[in-house]
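**Q** The structure that follows is given in the form of structure tokens.
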Amino acid sequence: ESSDWPPTKCVSVDDPGLAQALQNGALVGVSDGSYHPSLSTSHAAADWALHETAYGLRCHGMTPVLGSPSEVNAYRAELQGYHTMLLKIHDLCERHQVQSGSVKLYFDCLGAVRKYQIVHVEPACTMNHSNLIRAIRRLHFYQSESDTLSHVRGHQD
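Count along the sequence shown from 1, then add 147; that gives the number in the working numbering.
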């Protein structure tokens with residue numbers, strides 16, 4: 148791994164170096180949601196990043212958390228960041244016709260990590276955030292069996 152951490156070269160999501168890293172199993176994905184009800188009960192955001200570990204390439208962004216004010220909360224923010232990161236990986240595969248590879252995914256929402264490790268249980272439509280959970284599960288279907296999803300401790304752990 149690179150001793151130059153964090154990675155120093157920001158690239159776009161369609162960078163061929165990221166696609167090569169995915170094929171070589173040297174791509175790392177992270178996401179984190181943010182919700183501050185004291186500032187606003189209807190707004191939240193999520194950060195995501197893809198890191199290529201050999202040469203220090205990085206692609207990152209932020210996405211708003213979608214949903215009605217009654218749906219937006221810290222858990223949904225975490226899910227939205229994870230969903231966006233998976234969309235970026237899926238887009239990378241489509242753009243570069245990546246047929247095989249793997250990515251290491253890190254997520255600080257332990258409840259969601261546990262939920263996605265039980266992939267055979269489909270969430271009920273009445274379950275909170277089921278639309279986002281189903282979308283994430285569909286993206287997981289397209290991901291490699293060798294991808295890993297791990298929990299990392301966050302400030303709320």
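For each residue, glycine too, the CB sits at the ideal point set by N, CA and C.
Buried or exposed: where does E148 fall if 16 or more other Cβ atoms within 10 Å of its Cβ makes it buried?
**A** Bear in mind that a pLDDT of 45 at E148, under 50, signals an unreliable position, so the number given afterwards is only what the model happens to contain. So E148 ends up on the exposed side.
**Q** E199: buried (16+ other C-beta within 10 angstroms of its C-beta) or exposed?
**A** It is buried - the Cβ of E199 has at least 16 other Cβ atoms within 10 Å.
**Q** Taking its Cβ as the centre, do 16 or more other Cβ atoms sit within 10 Å of N220, making it buried, or is it exposed?
**A** By the neighbour-count rule (16 or more Cβ atoms within 10 Å), N220 is buried.
**Q** In or out: R285 buried (at least 16 other Cβ within 10 Å) or exposed?
**A** By the 10 Å Cβ count, R285 comes out exposed.
**Q** Suppose contacts are defined by Cβ-Cβ distances below 8 Å. Is S181 in contact with Y229 by that definition?
**A** The answer is no: Cβ separation not under 8 Å.
**Q** Could you please give me the residues that DSSP links to H207 through a beta bridge?
**A** For H207, which the question treats as bridged, DSSP gives the partners A196.
**Q** Please report the straight-line C-alpha distance between L257 and H276, rounded to a whole angstrom.
**A** Near 16 Å, if we compare the C-alpha coordinates of H276 and L257.
**Q** Could you check where the beta strand (DSSP E) with L213 kicks off and where it finishes?
**A** Premise fails: L213 is in no beta strand (DSSP E) and is neither H nor E.
**Q** Along the beta strand (DSSP E) that carries D179, what are the first and last residues, could you check?
**A** Here the beta strand (DSSP E) through D179 covers 174–182.
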